[in-house]
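In my numbering, the protein residues as written are 110 to 220. All C-beta atoms in this analysis are idealised placements derived from N, C-alpha and C, irrespective of residue type, glycine included. Remember, it's a predicted structure, so these values are computed and weren't measured experimentally. Report on the structure given below.
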Amino acid sequence: MKAAIRWQWITVNPLEQAQPPKRPPSNPHPPTLEQATAIINEAFKDLPWGMLVWVAMTTGARRGELCALRWDYLDLDNASMAVRTSIAQENGHTWEKDTKTHGAAAGFCDI
């Protein structure tokens, strides 16, 4: 369209007023209570894996947030966990970044 303006075929780029289509709403299918229990019980056959699966299912933390957890983010006295950062990967590179909600809504999760 920019070329069409440059070549004076049109005077206004109609694409500048176009709105991108809306994304269809996500339709997640979470496991039932029985399925979640079975998944957690199976995962706990290996303690570290079981803990990760349990934390993921009970806090709703995102994958990158789970990977970025640190021991000092846990408050065992108050049974809570801070979600402060996230891990991202792209093109073979891995880095720590802010959470998707930039820390505002992520805050603390009860554990």
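- Query: If you compare alpha carbons, which of 149, 209 and 155 is closest to residue 162?
  - Reply: Translated into positions along the sequence shown, residue 162 becomes position 53. Taking only the C-alpha atoms, the option nearest residue 162 is 149.
- Query: Excluding the five sequence neighbours on either side, which residues of its own chain have a C-beta within less than 7 Å of the C-beta of residue 200, listed in chain order?
  - Reply: Here residue 200 corresponds to residue number 91 of the sequence shown, with the count starting at 1. Within the same chain, residue 200 has no close Cβ partners at all.
- Task: Spatial neighbours of residue 195 within its chain, please: CB distance less than 8 Å, with the 5 preceding and 5 following residues excluded, ordered by chain position.
- Result: Position 86 of the sequence shown, counting from 1, holds the residue named residue 195. The answer, listed in chain order, is 171, 173, 174, 176, 177, 205, 206, 207, 208 and 209.
- Message: In chain order, what are the residue ranges of uninterrupted beta strand (DSSP E) at least 3 long that sit wholly in the region 154-203?
- Response: 189-191 and 194-199
- By how many angstroms is the C-alpha of residue 123 removed from the C-alpha of residue 130? To locate residue 130, count along the sequence shown from 1; it is residue 21. To locate residue 123, count along the sequence shown from 1; it is residue 14. Their backbone Cα atoms lie some 15 Å apart in a straight line.
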